[in-house]
Structure formats: structure tokens, C-alpha cells
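For reference, the structure discussed in these notes is given below.
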Amino acid sequence: MKAKFLVPLLLFFGLAGFLAFGLTLNPREVPSPLIDKPAPNFKLARIDDPASTFALEEMRGQVWLLNVWASWCVACRQEHPLLVRMARQKLVPVVGLNYKEVRGDGALNVRGMALEAETALAVERARGWLSDHGDPYVLSVLDVDGRVGIDFGVYGVPETFLIDAEGRIRYKHIGPITPDSLQQVIMPKVEELRRAG
Amino acid sequence: MIPELGHFSLVLALVLALVQAVVPMVGASRNRFALMAVGRPAAQGQFFFILVSYVCLTWAFIQSDFSVQLAASNSHSATPLMYKITGVWGNHEGSLLLWAMSLSLWTVAVTVFSSHLPEAFVARVLGVLGWVSVGFLSFLLVTSNPFDRILPGAGEGRDLNPLLQDPGMIIHPPLLYMGYVGFSVAFAFAIAALLSGRMDAAWARWSRPWTTVAWVFLTAGIAVGSGWAYYELGWGGWWFWDPVENASFMPWLLGTALMHSLAVTEKRGAFRSWTVLLAISAFSLSLLGTFIVRSGVITSVHAFATDPKRGLFILALLVIVIGVSLLLYAWRAPRLGGGGSFSFVSRETALLGNNVLLSVASASVLLGTTYPLFLDALGMGKISVGPPYFEAVFIPLMTPVVVLMMFGPFLRWKDDDLVAAVRKVAPTFIASAVIGLGTAYAVDHVTWRTVLGLALAAWVVLASVQLLAVRITDRAGAGLGARLRSITASWWGMWLAHLGVGVFIIGVTLVGSLNTNLDVKMRDGQRAELAGYSFTFRGVQDADGPNYDAARATIDVRRGELAIATLTPEKRLYRAQGMPMTEASIDIGPFRDVYVSLGEEIEDGTWIVSIYYKPFISWIWLGCTLMALGGVFAVADRRYRRLAVRETTLSTQQRTA
Amino acid sequence: MQVDVVVKPLRTIALAMLLAAALPTAAQPAAASTAAQGAASADLAPTVAPDPQLEADVQELSHKLRCLVCQNQSIAESNAPLAVDLRDQVREQLASGRSKEDVVDYLVARYGDFVLYEPPLKGATLLLWGGPALLLFGGAGWLVLRLRRRSSELDATAGLSATERTRARELLAGRAQPSSESPESRS
Numbered sequence: 001m002k003a004k005f006l007v008p009l010l011l012f013f014g015l016a017g018f019l020a021f022g023l024t025l026n027p028r029e030v031p032s033p034l035i036d037k038p039a040p041n042f043k044l045a046r047i048d049d050p051a052s053t054f055a056l057e058e059m060r061g062q063v064w065l066l067n068v069w070a071s072w073c074v075a076c077r078q079e080h081p082l083l084v085r086m087a088r089q090k091l092v093p094v095v096g097l098n099y100k101e102v103r104g105d106g107a108l109n110v111r112g113m114a115l116e117a118e119t120a121l122a123v124e125r126a127r128g129w130l131s132d133h134g135d136p137y138v139l140s141v142l143d144v145d146g147r148v149g150i151d152f153g154v155y156g157v158p159e160t161f162l163i164d165a166e167g168r169i170r171y172k173h174i175g176p177i178t179p180d181s182l183q184q185v186i187m188p189k190v191e192e193l194r195r196a197g
Numbered sequence: 001m002i003p004e005l006g007h008f009s010l011v012l013a014l015v016l017a018l019v020q021a022v023v024p025m026v027g028a029s030r031n032r033f034a035l036m037a038v039g040r041p042a043a044q045g046q047f048f049f050i051l052v053s054y055v056c057l058t059w060a061f062i063q064s065d066f067s068v069q070l071a072a073s074n075s076h077s078a079t080p081l082m083y084k085i086t087g088v089w090g091n092h093e094g095s096l097l098l099w100a101m102s103l104s105l106w107t108v109a110v111t112v113f114s115s116h117l118p119e120a121f122v123a124r125v126l127g128v129l130g131w132v133s134v135g136f137l138s139f140l141l142v143t144s145n146p147f148d149r150i151l152p153g154a155g156e157g158r159d160l161n162p163l164l165q166d167p168g169m170i171i172h173p174p175l176l177y178m179g180y181v182g183f184s185v186a187f188a189f190a191i192a193a194l195l196s197g198r199m200d201a202a203w204a205r206w207s208r209p210w211t212t213v214a215w216v217f218l219t220a221g222i223a224v225g226s227g228w229a230y231y232e233l234g235w236g237g238w239w240f241w242d243p244v245e246n247a248s249f250m251p252w253l254l255g256t257a258l259m260h261s262l263a264v265t266e267k268r269g270a271f272r273s274w275t276v277l278l279a280i281s282a283f284s285l286s287l288l289g290t291f292i293v294r295s296g297v298i299t300s301v302h303a304f305a306t307d308p309k310r311g312l313f314i315l316a317l318l319v320i321v322i323g324v325s326l327l328l329y330a331w332r333a334p335r336l337g338g339g340g341s342f343s344f345v346s347r348e349t350a351l352l353g354n355n356v357l358l359s360v361a362s363a364s365v366l367l368g369t370t371y372p373l374f375l376d377a378l379g380m381g382k383i384s385v386g387p388p389y390f391e392a393v394f395i396p397l398m399t400p401v402v403v404l405m406m407f408g409p410f411l412r413w414k415d416d417d418l419v420a421a422v423r424k425v426a427p428t429f430i431a432s433a434v435i436g437l438g439t440a441y442a443v444d445h446v447t448w449r450t451v452l453g454l455a456l457a458a459w460v461v462l463a464s465v466q467l468l469a470v471r472i473t474d475r476a477g478a479g480l481g482a483r484l485r486s487i488t489a490s491w492w493g494m495w496l497a498h499l500g501v502g503v504f505i506i507g508v509t510l511v512g513s514l515n516t517n518l519d520v521k522m523r524d525g526q527r528a529e530l531a532g533y534s535f536t537f538r539g540v541q542d543a544d545g546p547n548y549d550a551a552r553a554t555i556d557v558r559r560g561e562l563a564i565a566t567l568t569p570e571k572r573l574y575r576a577q578g579m580p581m582t583e584a585s586i587d588i589g590p591f592r593d594v595y596v597s598l599g600e601e602i603e604d605g606t607w608i609v610s611i612y613y614k615p616f617i618s619w620i621w622l623g624c625t626l627m628a629l630g631g632v633f634a635v636a637d638r639r640y641r642r643l644a645v646r647e648t649t650l651s652t653q654q655r656t657a
Numbered sequence: 001m002q003v004d005v006v007v008k009p010l011r012t013i014a015l016a017m018l019l020a021a022a023l024p025t026a027a028q029p030a031a032a033s034t035a036a037q038g039a040a041s042a043d044l045a046p047t048v049a050p051d052p053q054l055e056a057d058v059q060e061l062s063h064k065l066r067c068l069v070c071q072n073q074s075i076a077e078s079n080a081p082l083a084v085d086l087r088d089q090v091r092e093q094l095a096s097g098r099s100k101e102d103v104v105d106y107l108v109a110r111y112g113d114f115v116l117y118e119p120p121l122k123g124a125t126l127l128l129w130g131g132p133a134l135l136l137f138g139g140a141g142w143l144v145l146r147l148r149r150r151s152s153e154l155d156a157t158a159g160l161s162a163t164e165r166t167r168a169r170e171l172l173a174g175r176a177q178p179s180s181e182s183p184e185s186r187s
């Protein structure tokens with residue numbers, strides 16, 4: 001058996017190894033390039049008081065979570081009880097970013113709707129949903145057109161960003177938060193950041 | 001009851017596949033004719049039971065038996081009969097059954113057309129095919145049973161994915177699978193040869209027609225698939241370098257290389273180990289394609305619903321089939337070697353040069369397709385590799401292939417004079433470059449890509465004409481008709497397939513450079529102008545189908561005063577899945593397609609309409625047709641039949657002696 | 001041979017003209033279309049995009065950007081809400097005069113290299129971009145090596161030895177007399 005005739009076999013085993021490893025990966029989860037970068041600043045209307053705004057720097061000095069949600073998002077309903085429990089236990093402050101409340105809902109026809117009308121409808125829907133399911137947020141802001149979502153690289157709802165005292169994004173959780181991910185990943189990171197800060 | 005019958009048939013088929021895998025192999029190694037003779041009936045019986053199983057599954061779809069999970073998820077009582085039947089393969093389990101059935105059909109073909117081959121060789125070939133079949137049938141039965149019942153049965157089915165409810169879907173998968181799976185025969189021939197240690201010109205001659213037929217199917221399958229994408233996706237794209245497309249394209253490239261490599265092995269007996277490696281690799285890539293489509297490891301538009309358990313099973317299958325083959329190769333191939341002589345300047349060298357290029361191209365496609373996975377697995381981030389990469393890599397690799405492809409046939413087998421050969425084609429080559437530049441200038445689109453594409457196309461066409469002229473003038477005496485008749489079918493096959501490449505390049509280049517489009521908002525009576533055509537909107541009517549609601553626009557197309565066509569693009573909403581679909585309407589012409597698709601209704605009576613003008617696009621498929629036709633001609637060559645007869649008498653003589 | 005050298009180019013040129021003649025039929029309308037669009041007409045349908053040139057640029061760039069929520073489609077092909085949003089972003093930024101590179105940088109900063117169908121050349125993608133060339137040179141080198149070895153084996157077995165060749169040349173030049181030890185049939 002000459003060595004060079006083994007080359008195809010070895011190459012194939014290499015490929016098969018990667019393919020086997022690939023089976024354990026999720027090809028649809030895209031890591032964020034914003035990790036350890038300053039969170040993009042925004043100033044958005046608050047749901048509880050649409051006349052006033054909330055800006056990112058108001059949370060400076062705190063370690064907090066930015067949770068992207070919407071009332072039409074099915075998976076948000078899944079993680080919501082956990083968020084409510086977190087709020088009750090005062091684990092970490094969570095700010096809600098309500099993402100495309102009206103135009104993101106495939107069931108609604110918003111063609112030709114004015115921005116004011118859309119915002120009003122969004123506030124109404126979001127408030128209704130929070131009173132139905134509980135409001136775990138320090139406050140929630142409205143991202144009516146999803147522009148801030150794009151700045152944060154949001155590509156699916158829910159997503160959750162962990163932001164440190166200096167306003168840097170330290171971790172991004174894609175999909176609904178589960179008790180496991182909270183205890184094993186998010187909270188340890190929160191503790192670590194608090195100690196550092 | 002019928003689904004259970006189908007399930008049971010599948011089990012019986014697996015048993016027969018096991019028999020086919022083991023008994024003839026043992027017979028071949030012990031030289032026992034009685035055992036070898038088991039192969040043929042076992043293979044034919046296996047096909048019978050798979051066919052019964054397949055018919056049973058189809059029956060469940062036709063009868064809308066929604067207690068069968070598969071029918072419930074992929075059919076609907078209102079689905080048209082045609083799509084109930086084709087819906088069988090519009091999902092993982094059913095398409096896998098189709099896979100197994102085409103493998104079995106190919107095996108039966110081997111049993112029928114192998115009477116001229118030595119018994120021991122046929123026994124080994126059937127044994128190898130039997131093992132592959134065992135793998136896939138157990139994959140079906142263990143992880144993907146198409147006959148699974150649900151209790152209680154669903155009241156109504158979820159319907160077939162609307163994208164698949166299309167005439168293209170009726171023929172695309174069977175053709176593609178016949179192509180994919182067809183390489184299993186060349187693979188089995190190669191393994192049988194490695195096992196027996198007999199690998200000579202005769203082996204190459206036996207493999208050639210099988211490889212060519214599989215290649216014809218694959219060519220046709222890919223072409224139909226791309227045509228389907230062209231009119232179904234609503235914006236006229238025809239190739240996307242999607243991983244699943246690549247999965248069919250890689251075996252095609254290697255299959256092309258294999259066909260040509262077999263020619264060298266047949267003529268000169270040379271490069272046997274290389275030919276064997278190609279035969280193994282072409283089929284391995286087919287298997288790899290199956291893995292990519294069904295494992296979810298790589299995201300693709302075409303992927304089936306995925307399941308890690310299935311991925312693991314098929315990966316294990318892959319490792320066993322390919323691993324064992326390559327191990328056998330590493331063990332036995334060093335002894336092959338040898339072969340007749342040919343000089344550095346010869347047709348053999350040209351063929352092998354193209355072989356290397358095609359293999360490199362195939363490997364590059366594999367690299368691009370799997371690279372995101374490599375990086376992800378190594379934790380080096382996620383990237384996407386898409387059309388811009390593949391185009392950047394592919395054009396430089398294919399350019400020399402096309403140049404060499406037309407130069408090779410001018411070279412003599414064994415030995416030729418480089419200077420004389422170059423002198424022969426130099427005028428054609430220079431003329432092609434001039435034409436490329438000239439036509440690009442004439443169509444006012446001078447980019448390097450257009451110039452290169454047109455020059456290559458001109459080179460193929462002109463060199464083809466010259467080749468034919470040389471072929472005719474070389475035969476002195478006799479009339480033109482007699483000289484034309486003296487040309488063999490396989491030569492015509494080569495000539496047509498190569499010309500097809502040229503026609504294909506014309507289509508790709510011109511539609512890439514000159515296609516224009518326009519998105520307009522249209523209401524009744526309004527007109528749009530594109531590329532000298534005028535499109536008048538004549539309103540939208542309801543045109544509901546059996547399982548969808550549709551709005552159909554009527555658009556008159558005129559060119560000046562001349563009425564060209566009335567196009568009726570539709571926008572459909574498939575009820576069961578609530579999925580919207582656009583049905584483009586195309587006026588197909590020899591030199592251009594006019595393509596119209598209907599978008600959204602933005603306000604009452606006003607619709608978004610997308611109009612595309614696509615020059616020469618049908619040449620893409622004309623080129624593919626010529627390539628496939630070339631393959632058909634090559635297989636129809638008389639010498640295969642003549643040799644078959646001679647070898648049959650020979651082998652019967654041997655047997656009786 | 002002499003005739004061939006003249007006839008063949010002629011034939012090719014004739015064909016070239018044929019081919020070139022077929023093309024303008026395809027080319028002309030493309031030129032005419034711009035004129036037609038310019039002419040305002042009462043019943044002419046308005047274009048969806050106010051600026052067709054901008055729209056063409058948006059389309060071109062969008063085809064190179066990957067939609068994140070879809071299985072595997074560009075943001076030009078997909079109608080997923082995020083794809084529509086990103087397309088709008090591309091349009092808005094190009095309209096405001098930013099270059100294509102700026103827009104690409106903007107999206108990469110937010111979504112990473114994943115959005116690019118054309119992966120950037122850097123350390124991690126070196127093998128991706130260099131691989132095909134490496135394979136090509138490797139393959140070509142291997143082929144040349146094999147062929148060279150074959151032909152040298154060929155020379156050793158079937159070819160003439162150096163002394164035989166010299167002898168043959170001498171014979172041809174008439175400088176040497178054929179001798180019994182060098183078989184004439186070889187020269």
C-alpha cells in the first residue's frame with residue numbers, strides 16, 4: 001500500500017469529521033459582531049409614556065438586559081413567564097425593546113397607515129399585551145420601524161443583549177431565554193460584570 | 001392495509017438486497033456459478049418489492065389517506081391528482097424511497113444488459129450495488145419510514161409545498177435521481193474491478209455507456225431544475241449556487257471528468273487508478289449531496305425538514321460506503337498502473353488536462369460549499385459563501401477547460417506535433433477573440449466578462465465547424481453523403497455535446513450582460529415600455545384553482561404594431577398553507593424571453609408588475625439539451641452493440657468450454 | 001496546406017459575421033428602451049422606484065447580501081420582513097449618497113461577515129480564496145509530473161538511445177556508411 005493512495009481516504013475522513021461536528025452546530029445562529037463593542041445609542045418613545053423618550057445612556061452604571069420583544073412574537077410568550085419571575089426576584093434590570101409592533105405583524109395590513117396612527121396602535125397593543133402577560137420591564141420603548149433593531153443586528157425576535165455598566169454589549173442571546181441559559185450563562189456573566197464594575 | 005403492505009414490501013426488499021449483497025460476492029470469490037447466479041433474480045425481486053412499496057405509498061396519497069403521516073403532511077384532498085402523485089417525492093421519506101427505487105432500477109438494468117460480461121464480474125457489481133441498497137433501505141426503515149401511521153388520522157392534509165406544485169417538479173426529481181444514483185453503476189464497476197484486480201480496456205469500455213447514461217440523466221435533471229427555478233421563483237434567476245444545487249453540480253463535474261477519463265483508459269489503458277478514483281468520487285459526491293440535503297448541516301433553500309438522527313445515520317452510511325471504497329482503493333490501486341504509451345502532445349494529454357481542471361473545479365465547489373461549516377466547527381466565526389465567490393472561482397477554472405475542450409479533438413491520439421496542431425487552430429482562435437470583442441462592442445456592453453464569454457462561445461462554435469470540416473475533408477474519395485455517414489455516432493455525440501457547451505455559454509453571457517427589467521405600478525389600460533416592447537395592462541380577474549385562490553392579470557405585449565403575446569401572470573394563495581406564490585408568465589422566443597410576474601396590489605386596481613427582458617436565455621437550456629443529446633448519441637454508438645455481441649459469444653464460449 | 005491557411009480564416013470570418021448579424025436584433029431593443037422610458041406619455045405606468053438607476057444599484061448590491069432569517073437567499077430574493085427592511089436601508093443609504101462600500105460596512109458592523117455572500121479576504125478565509133488556485137497548481141503539477149515520468153519510461157523502453165540517434169543523424173547526413181551493426185530499418 002503506497003502512502004499516496006491513502007490521501008483520498010484521509011481527506012474524506014477529515015471531511016467526515018467536520019460533517020459529524022457540523023451535526024451538533026446550528027447553522028442558522030449568527031453570532032453578533034457587536035460583542036464587546038459599545039451598544040448603539042438610541043432615543044425612543046416609552047410605552048408607558050409615549051410623549052417622553054428613553055436613551056441608552058440612562059442605564060449607564062448598571063449591568064442590564066435589553067430584551068427585544070413584540071406582541072405578535074410567539075416565542076416571546078414562551079420566555080415571558082421567566083422574565084416576569086426574574087423581575088420579581090430583582091435579578092437584573094430588563095429594558096424591553098418593542099420591535100415593529102404593528103408592521104411586524106403579518107396579520108395586519110398597515111399599507112398607507114400614518115406613522116402617528118401606527119405608533120398609537122403600537123402603544124395600545126403593547127400595553128394590552130403587557131397587562132395580559134405581566135410587565136417584567138423597567139420600561140419598554142417602541143422601535144416602530146425596526147431601525148434600532150437593525151442597529152443591534154436583530155434578526156429574529158426574541159433576542160436579548162447583556163449590556164455592562166459602560167454601555168458595552170457583552171453577550172447576545174438568540175431565541176427565547178430558558179431557565180438553563182439564564183442560570184448557566186446569563187446570570188454568571190451578570191455577576192462577573194458586576195464584580196468587575 | 002395498503003400502507004402496511006407497502007411497509008412489508010420494503011422489508012422484503014431489504015431482505016433481498018441483503019441476499020444480493022452477500023451471495024453473489026461469496027460466489028465470485030469462491031468461483032461458484034450457482035451462487036453468482038443468485039444476484040440477478042435477487043436484484044429483480046428487490047426492484048419488484050420496492051415498486052410495490054412505492055405504488056402503495058402513491059396509493060395512500062391518491063386516496064388522501066391522512067392516517068398516513070406522510071400523506072397528511074404533504075398532500076390535501078383538493079390537490080390535483082398530478083401533484084398527489086408527485087407529492088410522494090416532495091418530502092424526505094418519499095424522495096428517499098424514490099432514491100432507493102432508482103438504485104434498484106439501475107441494478108435491474110445491469111442484470112439485463114450484462115449478458116456479455118464475465119459472470120464473476122457481474123456478481124461483484126451486483127454485490128456492491130446490493131450493499132448500497134441495503135444501506136439506503138435500512139436508512140428508510142430505521143429512521144424514515146414513509147408508512148408511519150398517525151392515530152387518529154388527520155381530517156385534512158397540510159398539502160404539498162406550493163413551490164413544488166408545478167409541472168417542472170413532475171420530472172425534475174426522477175431525472176436528477178436517475179443521474180445521481182446512476183453513478184452507482186460506474187462506482188460498482190470500479191469496486192468490482194478493484195476486488196477482482198482486473199482492470200483493462202474492456203473494463204473501461206463496459207463502464208463508459210453506464211457513466212454516459214447517468215450523466216445524460218443528471219444533465220437533464222439539473223437543466224430541468226434550473227428551468228423550474230427560472231419561471232417559478234418569479235424574478236428569472238436560473239442558478240443560485242445554493243448548497244443543494246452544488247450537491248448536484250459536483251457529481252456532474254466529476255461525472256464529466258470520468259466520462260473523458262474512461263475514454264483514455266479505454267484507448268490507452270492509461271491512468272487506470274485515476275479513473276477508478278473518479279468513479280468512486282463521483283458517486284461519493286452524490287452520496288454527500290444526499291447528506292447535505294437531508295442533514296441540515298448546511299442551510300439551503302431546498303433542504304428537507306431535518307433531523308439530527310437522520311443526519312447521523314446517513315453520515316455513518318457515508319463513512320462506511322466511501323471509507324471502505326477508498327480503503328480498497330488505497331490497497332488495490334497501486335497494482336493497477338501501466339497502460340499503453342502516449343506522448344506529451346496527444347489527445348490523451350488534452351483529455352487528462354481537462355480532467356484535472358474539472359476535478360479542481362469540483363473540489364473548489366466542495367470547498368466553497370463546506371467552508372462555512374469548517375470555520376464554524378473551528379469556532380472561527382460564521383461566513384456565507386455565495387454566488388460572487390463561485391463565479392469568481394469558476395470562470396478562471398472553466399475558461400481553460402473550454403479552450404482545451406475544443407483543442408483536444410484536433411490532436412491525434414498517442415502522439416501529435418504541437419506546432420502543426422496550433423497552426424491548424426490559430427486562425428480560429430484569433431477570429432474567436434476578435435468576434436468576442438466585436439460582438440461585445442456591437443451590443444454595447446464591453447466588460448471583460450462579456451468579451452470572454454462571447455470569445456469562448458465563438459471559439460467553441462467556430463472550432464466545432466472547423467472540426468466537422470476537417471473530419472469530412474480528411475476522408476478522401478466517396479461523396480459528401482458517404483463521408484458524413486462514415487462518421488460514428490460517438491463522434492457526433494462528442495461534437496454535439498461540445499457545441500452544446502458553446503451554446504450554453506452564449507446564453508449565460510448574453511442574458512448576464514443584456515437582461516433588463518422594470519418594476520411598474522399598473523392599472524387597467526396603462527402601458528409600460530421595456531426593450532422595445534410595450535406591455536398593456538388589461539386588468540386582473542379571479543382565477544381560482546382547486547387548492548388555491550388566484551388573481552390573474554392579462555397583459556398584452558406588442559412590439560411596434562405587432563401583437564407578440566398575451567401574458568397572464570398569476571398571484572396565488574395556496575389555501576392549506578396560506579402561502580403566496582407568483583406564477584410568472586413568459587413569452588419564450590429563440591432570441592429572447594419576455595417575462596412578466598405579478599406583485600402585490602398596492603391600491604384598488606393598481607398592481608406592481610415586474611417585467612423582464614432576457615435575451616438568449618433559452619440558449620442556456622438549448623445548450624444543456626445539446627449536451628444531453630450528445631450523451632445519447634455517444635451511447636447509441638454501434639461499436640457498443642457490436643462488441644456486446646462479440647463478447648457475449650466469447651463469454652458463452654468460455655463458459656461452455 | 002497553403003489553401004487551408006487561406007480558406008479557414010475566410011470561413012471563420014464568414015461565420016463571425018453571421019453571428020454578429022444575429023446579435024443586434026437582441027441589442028437594439030435594449031437601447032430603444034431607455035428612449036421609450038424617457039418619453040412621457042399619459043397612459044404610461046409609473047415605475048415603482050422613482051429612480052430606476054438607484055433601484056438597479058440597490059438590486060445589484062442586494063443580490064450580494066444574505067438574508068439572515070431565510071434559509072439561504074439574498075435580501076433581493078427574499079420577501080421576509082427583515083429582508084425588506086434591509087433592502088430599504090440599502091436604498092435609503094445609497095440615495096443619501098453613501099457608497100456601496102459604506103453600506104456593506106454598515107451591515108457588516110451589525111450582522112457580521114455572515115451577510116456577505118462574497119466573503120472578505122482575511123486570515124480565516126485565506127484557504128477559501130487560495131484553495132482553488134492551490135488545487136489548480138497542485139493538479140497541474142501532478143499531471144505534468146506523471147506525464148513526464150511516463151514519457152521518460154517510454155524513452156527508456158521504446159525510444160532510441162543517444163548513440164543510436166547520433167548514428168542515425170550521421171547516416172542521414174551521409175557522413176557514415178551503413179554498417180551491419182546498426183539496423184537500417186531504425187533510421
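Chains as they are written, first to last, in full-length UniProt numbering: chain A, 1 to 197; chain B, 1 to 657; chain C, 1 to 187. For every residue, glycine included, the Cβ atom is placed at its ideal position computed from N, Cα and C.
Does the CB of residue i have a neighbour CB from chain C at under 7 angstroms?
i	result
ASP242 (chain B)	yes
PRO99 (chain A)	For clarity, residue 99 (chain A) is Tyr in the given sequence; the question names Pro instead. So, not an interface residue.
TYR155 (chain A)	yes
MET522 (chain B)	yes
PHE96 (chain A)	For the sequence presented, residue 96 (chain A) should be read as Gly rather than Phe. No, its Cβ sits nowhere closer than 7 angstroms to a Cβ of chain C.
PHE5 (chain A)	no
Quick one: residues in its chain with C-beta nearer than 7 angstroms to the C-beta of residue i, no 5 flanking neighbours on either side, listed in chain order?
i	result
ASP164 (chain A)	VAL63, ARG170, LEU193 and GLY197
VAL142 (chain B)	PHE313
Which whole-angstrom value is the C-beta distance of residue i and residue j, which I expect to be below 8 angstroms?
i	j	result
PHE407 (chain B)	VAL425 (chain B)	6 angstroms
ALA279 (chain B)	ALA154 (chain B)	Their Cβ separation, rounded to whole angstroms, is 45 angstroms, which puts ALA279 (chain B) and ALA154 (chain B) out of contact at 8 angstroms.
ILE222 (chain B)	PHE183 (chain B)	Contact flag wrong, Cβ pair sits at about 14 angstroms.
Looking at chain A, is there any beta carbon in it that lies within less than 7 angstroms of the beta carbon of residue i?
i	result
LYS424 (chain B)	no
LEU373 (chain B)	yes
PRO334 (chain B)	yes
ASP51 (chain C)	no
Skipping 5 residues on each side, what residues in its chain have a beta carbon closer than 6 angstroms to that of residue i?
i	result
LYS100 (chain A)	GLY146
TRP210 (chain B)	VAL185 and ALA186
Please go through the same chain and pick out, in chain order, the residues whose beta-carbon is closer than 8 angstroms to the beta-carbon of residue i, but skip the five residues on each side of it.
i	result
VAL632 (chain B)	VAL216 and GLY493
LEU15 (chain C)	Note that LEU15 (chain C) scores 48 on pLDDT, short of 50, meaning its location in the model is unreliable; the coordinates nonetheless yield the value given after this. The answer is none, since no qualifying residue turns up.
Can a CB atom of chain B be found closer than 7 angstroms to the CB of residue i?
i	result
ARG8 (chain A)	Correcting the residue identity first, residue 8 (chain A) is Pro in this sequence and not Arg. Judged by the 7 angstroms Cβ criterion, PRO8 (chain A) is in contact with chain B.
- Task: Specify whether the stretch 514-532 of chain B and the stretch 476-493 of chain B touch according to this definition: at least 3 beta carbon pairs, one from each stretch, less than 8 angstroms apart.
- Result: No, because fewer than three Cβ pairs between the stretch 514-532 of chain B and the stretch 476-493 of chain B fall closer than 8 angstroms, the two stretches do not touch.
- With 9 angstroms as the limit, tell me which residues of the stretch 246-271 of chain B have their beta carbon closer than that to any beta carbon of chain C; keep them in chain order. Correct list: ALA270 and PHE271.
- Query: According to a CB-to-CB cut-off of less than 7 angstroms, which residues of the stretch 345-362 of chain B neighbour chain C?
  - Reply: Only THR349, LEU352, GLY353, VAL356, SER359 and VAL360 from the stretch 345-362 of chain B bring a Cβ to less than 7 angstroms from some Cβ of chain C.
- Query: With a cut-off of 8 angstroms, do at least 3 Cβ pairs link the stretch 280-299 of chain B to the stretch 54-63 of chain C?
  - Reply: No: the two stretches stay apart, fewer than three of their Cβ pairs being nearer than 8 angstroms.
- Interface positions of the stretch 56-81 of chain C facing chain A (Cβ-Cβ less than 7 angstroms), listed along the chain: Legend: CB atoms of the stretch 56-81 of chain C lying less than 7 angstroms from CB atoms of chain A belong to residues LEU68, VAL69 and PRO81.
- Return the residues of the stretch 373-394 of chain B that lie within a Cβ-Cβ distance of less than 7 angstroms from chain C, sorted by chain order. Going along the stretch 373-394 of chain B in chain order, one finds LEU375, MET380, GLY381, LYS382, ILE383, SER384, VAL385, GLY386, PRO387, PRO388, TYR389 and VAL393 with a Cβ nearer than 7 angstroms to chain C.
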